[in-house]
Amino acid sequence: MPTIQLRDLCGVRSGDKGDISDLSLFADDDDAFAAISAVVTADVVKAHFGDLVRGPVERYEAPNVLALKFVMHDALGGGAPRSLRADNLGKTLGASLLRLRVDVPAAVAAGARRRRAPLDRSAP
Amino acid sequence: MTAMTVRIGGGQGFYGDGHDPVEALLESGVDYLVCEALAELTLAILQKDRQRDESLGWTRDLPLYVAQALPRLVAGRTRLITNAGGINPLAAGRAVVGALRDLGATGLKVATVVGDDLRPRAADLGLPDDVLFANAYLGARPVVAALEAGADIVITGRVADAALFLAPLVFEHGWTWDDWDRLAAGVVVGHLLECSGQVTGGNFSGAWWENPDPLRVGFPIAEVEADGSAVITKPAGTGGFVTFDTVREQLLYEVHDPRAYLSPDVTADFTSVEVRDLGGDRVSVSGASGAPAPATYKALVCTPAGWSGEARFAYPWPDAEAKARAAMSWVRRRAEANGVAVEEWHTELFGVDAFGGPTVDLGAADAAAWEPPEVIGRLAWRAADPGTVSQVASGVGVLGLSGPPTIAAAGRARDGKPSQLLSVDATAVDRELVDAQVVVDVTEA
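Residue numbers (my numbering), protein chains in the order written: chain R, 1 to 124; chain P, 1001 to 1445.
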């Protein structure tokens, strides 16, 4: 099976509640949802974040919107008003999840629809 | 009540949100303008305000929202509901009444909802002696009571975000408090609208660069039927977009278990919601199911958590990362050598892995002999008091001429200035204890 980086396959949004980081990962069709459901497990996410996430990671599924939800405990340095991190709300943690590389069926990799933003260095 | 469509506008998603998009909501003729002002971090900011001045502790742009909505408020065509009262809703109410007087408006009814403040019950709840604020998340009931009393403006403290939007739906559609599916539908609508532009193209992780007018992102409108089904849309002529993708990203935002989203009024199953893109910036949401609310209210308890300071060190290629690491290490070692009582150190390297941490494959970068063109090191520290924080800062400036070479200033951040840290912890409290102290007061301005 080909390896693909989640940035090419998924959307993501991060939020916070106290010291919990709450990430949603969105697939673009049923096959991609099945593929990420099979490989992006709570354990994989926990390992991916290493010591950025000190507590357990729980996974939930929302098949109605083709999404996986990860609830990561002890993940924000004590919570926004207490944290020494620049990103005390963990808004960037979703982007960091997109760095993960996973193996998916060839058809899913070929059908990946996430595009990269055009970069225009001449724009004012 | 009647089987009409209720139109609700999400006028605010945080303290500091834009005011221009509110004009378009009002022009489009919303029945309710709902302004959600309170993130967890906002409560901590308001606490710092109230520490300085007992008449503060509410979001101070509230009178501006009132002024914007005034023509429609006076005409009886829109009502305003907001939790801008923060941790001092009575003071916010007084400020609004004063603002209405200044604007020459008469005859409007202003309601305040208090009772979320748990400090009067500190002993019963075992709150810590050094508590700075302690607030329960109230539900929609006291807001409905205010609407039933004829309020044109409802100002609350810590009412749950989505409950602010649920309340007018309960009031207008006559939903009962055990109609779990309807209540869940209202919470879904509220949750989709409570972050303003985040459902209309803001923070969108898809093709965000295709936003047709990113400077004028429209704030959301929900058109809600009596059965709880709704269309999420935005005012005509505004920027942003409302699509299946923008709606689903917001649907799951910060909800934890999507099968059991806990609110004070209902436990909502967000996986039961059918989201359909109708085209033309219209997305329908329907089919929500709900179950009884949790037996307790969620509450937040804030206590002091020490003080922090930080300093930033910017270095260019070559050896930018090594220089930034050395600068931060030297500041830390100087403080340690001087016996400064720092309780926690935190280092970050912007341009390397400040955000990504262990998710960044530095090995691949090293193998390619890649060096970042510049790196900013950020050193943060925590200590018990501001004086100790400042002692560390005194070792920062010396690096200007005695540190690693080619140091540059990274903006105008006031390095080393002490900033108070706060712990905000969630807990569960007995509903009856809270409900007994909830008071809805309506005065005519």
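The beta-carbon is built from N, C-alpha and C at its ideal position, and this holds for glycine as well.
Q: Just mark R:Leu-119 as buried or exposed, buried being the case when its beta carbon has 16 or more other beta carbons within 10 Å.
A: For this step, residue 119 of chain R is matched to residue 119 along the first sequence. The residue in question, R:Leu-119, is exposed, as its Cβ has fewer than 16 Cβ neighbours within 10 Å.
Q | Three-way DSSP call (helix, strand, coil) for P:Pro-1294 in this model | A | Residue mapping note: residue 1294 of chain P aligns to position 294 of the second sequence, counting from 1. DSSP places P:Pro-1294 in coil when its eight states are reduced to three.
Q. Can the beta-carbon of R:Arg-13 be found closer than 7 Å to that of P:Tyr-1297?
A. In the first sequence, residue 13 of chain R corresponds to position 13, counting from 1. In the second sequence, residue 1297 of chain P corresponds to position 297, counting from 1. The answer is no: Cβ separation not under 7 Å.
**Q.** beta strand (DSSP E) segment containing R:Asp-103, residue limits
**A.** Against the first sequence, residue 103 of chain R aligns to sequence position 103. Per DSSP, R:Asp-103 belongs to the beta strand (DSSP E) from 101-103.
Q: Give the single residue among P:Val-1434, P:Thr-1176, P:Arg-1094 whose Cα lies nearest to the Cα of P:Asp-1116.
A: By one-based count along the second sequence, residue 1116 of chain P stands at place 116. Measuring from the Cα of P:Asp-1116, the nearest candidate turns out to be P:Val-1434.
Q) If you compare alpha carbons, which of P:Arg-1007, P:Asp-1020, P:Asp-1353 is closest to P:Thr-1238? A) For this step, residue 1238 of chain P is matched to residue 238 along the second sequence. Selected option, being the one with the closest Cα: P:Asp-1020.
Q. Just how far apart, CA to CA, sit P:Asp-1234 and P:Ile-1407?
A. Residue mapping note: residue 1234 of chain P aligns to position 234 of the second sequence, counting from 1. Residue mapping note: residue 1407 of chain P aligns to position 407 of the second sequence, counting from 1. Sequence inspection shows Lys at residue 1234 of chain P; the Asp mentioned does not correspond to that position. Per the coordinates, the alpha-carbon of P:Lys-1234 lies some 48 Å from the alpha-carbon of P:Ile-1407.
Q.
Here's a check: name, in chain order, each residue in its chain whose Cβ is nearer than 7 Å to the Cβ of P:Leu-1166, leaving out the five neighbours to either side.
A. Counting from 1 along the second sequence, the entry for residue 1166 of chain P is found at position 166. The beta carbon of P:Leu-1166 lies closer than 7 Å to those of Ala-1140, Leu-1183, Gly-1186, Val-1187, Gly-1190, Asp-1265 in the same chain, with the five residues before and after it left out.
Q) According to the neighbour-count rule (16 or more other Cβ atoms, all chains shown, within 10 Å of its Cβ), is P:Val-1389 buried or exposed? A) As a first step, residue 1389 of chain P must be located in the second sequence, where it is residue number 389. P:Val-1389 comes out buried.
**Q.** Contact set for P:Phe-1079: own chain, Cβ-Cβ below 6 Å, skip 5 residues either direction
**A.** Locating residue 1079 of chain P in the second sequence gives position 79, counting from the first residue. The sequence shown places Arg at residue 1079 of chain P, not Phe. Cβ neighbours of P:Arg-1079 beyond the five flanking positions: Tyr-1032, Asp-1152.
**Q.** Length of the line joining the Cα atoms of P:Arg-1276 and P:Ile-1376
**A.** Start at 1 with the first residue of the second sequence, and residue 1276 of chain P comes out as number 276. Start at 1 with the first residue of the second sequence, and residue 1376 of chain P comes out as number 376. Whole-angstrom Cα-Cα distance: 45 Å.
Q | Sheet register partners of P:Tyr-1032 (DSSP bridge) | A | Taking the first residue of the second sequence as 1, we reach residue 1032 of chain P at position 32. In DSSP, P:Tyr-1032 forms a bridge with P:Ile-1008, P:Arg-1079.
Q. Would you call the CB atoms of P:Val-1285 and P:Ala-1230 closer than 7 Å?
A. The residue labelled residue 1285 of chain P in the question sits at position 285 within the second sequence. The residue labelled residue 1230 of chain P in the question sits at position 230 within the second sequence. In this structure, P:Ala-1230 lies closer than 7 Å to P:Val-1285 by Cβ.
Q | 8 Å Cβ shell around P:Asn-1211 - same chain, five flanking residues per side excluded | A | In the second sequence, the residue the question calls residue 1211 of chain P occupies position 211. Take P:Asn-1211, set aside five residues on each side of it, and the residues of its chain with a beta-carbon closer than 8 Å to its own are Gly-1201, Phe-1204, Val-1217, Gly-1239, Gly-1240, Phe-1241, in chain order.
Q: Measure the beta-carbon distance from R:Lys-69 to R:Ser-24 and round it to whole angstroms, keeping in mind my assumption that it falls under 8 Å.
A: Taking the first sequence and counting its residues from 1, one reaches residue 69 of chain R at position 69. Taking the first sequence and counting its residues from 1, one reaches residue 24 of chain R at position 24. The beta-carbon distance between R:Lys-69 and R:Ser-24, rounded to whole angstroms, is 5 Å. This is short enough to meet the 8 Å contact definition.
Q.
Less than 7 Å between the beta carbons of P:Ala-945 and P:Glu-1343, yes or no?
A. It is not possible to answer for residue 945 of chain P, since the shown part of chain P is limited to 1001 through 1445.
Q.
Less than 7 Å between the C-beta atoms of P:Thr-1267 and P:Ala-1226, yes or no?
A. Along the second sequence, one-based indexing puts residue 1267 of chain P at 267. Along the second sequence, one-based indexing puts residue 1226 of chain P at 226. Their beta carbons are not under 7 Å apart, which means P:Thr-1267 does not touch P:Ala-1226 by this criterion.
Q: Specify whether the stretch 1397-1405 of chain P and the stretch 1350-1359 of chain P touch according to this definition: at least 3 beta carbon pairs, one from each stretch, less than 8 Å apart.
A: Because the criterion of three Cβ pairs below 8 Å is not met, the stretch 1397-1405 of chain P and the stretch 1350-1359 of chain P do not touch.
Q) Helix or strand or just coil, what does DSSP make of P:Thr-1200? A) Position 200 of the second sequence, counting from 1, holds the residue named residue 1200 of chain P. Of the three classes helix, strand and coil, the one that applies to P:Thr-1200 here is coil, per DSSP.
Q.
Going by C-alpha to C-alpha distance, which of R:Leu-98, R:Gln-5, R:Arg-115 sits closest to P:Phe-1355?
A. Mapped onto the second sequence, residue 1355 of chain P falls at position 355. By alpha-carbon distance to P:Phe-1355, the top candidate from R:Leu-98, R:Gln-5, R:Arg-115 is R:Leu-98.
Q) Can you tell me where the beta strand (DSSP E) with P:Phe-1350 in it begins and where it stops? A) The sequence position of residue 1350 of chain P within the second sequence is 350, counting from 1. Unbroken beta strand (DSSP E) run through P:Phe-1350: 1342-1350.
(Q) To be precise: take each residue of the stretch 1371-1382 of chain P, compare its Cβ to all Cβ atoms of chain R, and keep it if any distance is under 8 Å. Which residues remain? (A) Hits within the stretch, in order: Arg-1378, Ala-1380, Trp-1381, Arg-1382.
**Q.** Contacts that R:Phe-49 makes with chain P (C-beta to C-beta distance below 9 Å)
**A.** As a first step, residue 49 of chain R must be located in the first sequence, where it is residue number 49. Under the 9 Å cutoff, chain P gives Gly-1357, Pro-1358, Thr-1359.
**Q.** Closer than 7 Å at the beta carbon, the chain P residues around R:Ala-80
**A.** As a first step, residue 80 of chain R must be located in the first sequence, where it is residue number 80. The answer, in chain order, is Glu-1040, Leu-1041.
Q) How many whole angstroms separate the CB atoms of P:Ala-1320 and P:Pro-1372, which I take to be in contact at a CB cut-off of 8 Å? A) Mapped onto the second sequence, residue 1320 of chain P falls at position 320. Mapped onto the second sequence, residue 1372 of chain P falls at position 372. So it is a contact: roughly 6 Å between Cβ atoms.
Q: Give the single residue among P:Trp-1180, P:Leu-1127, P:Asp-1281, P:His-1256 whose Cα lies nearest to the Cα of P:Ala-1236.
A: Counting from 1 along the second sequence, the entry for residue 1236 of chain P is found at position 236. Minimum Cα distance to P:Ala-1236 is reached at P:Asp-1281.
Q.
What ranges does the beta strand (DSSP E) occupy inside the stretch 1090-1178 of chain P, keeping only unbroken runs of at least 3 residues that lie completely in it?
A. Counting whole runs of 3 or more residues, the stretch 1090-1178 of chain P contains the beta strand (DSSP E) stretches 1109-1114, 1133-1136, 1153-1156.
Q.
For P:Ala-1341, count the other beta carbons within 10 Å of its own beta carbon; 16 or more makes it buried, fewer makes it exposed. Which is it?
A. Here the question's residue 1341 of chain P lines up with position 341 in the second sequence. It is exposed - the Cβ of P:Ala-1341 has fewer than 16 other Cβ atoms within 10 Å.
Q. So R:Met-72 is in the beta strand (DSSP E); what residue range does that whole segment cover?
A. Residue 72 of chain R sits at position 72 when you count from the first residue of the first sequence. 67-72 is the extent of the beta strand (DSSP E) around R:Met-72.
Q) Hey, how far is the Cα of P:Phe-1244 from the Cα of P:Asp-1049? A) Against the second sequence, residue 1244 of chain P aligns to sequence position 244. Against the second sequence, residue 1049 of chain P aligns to sequence position 49. When rounded, the distance between both Cα atoms is 40 Å.
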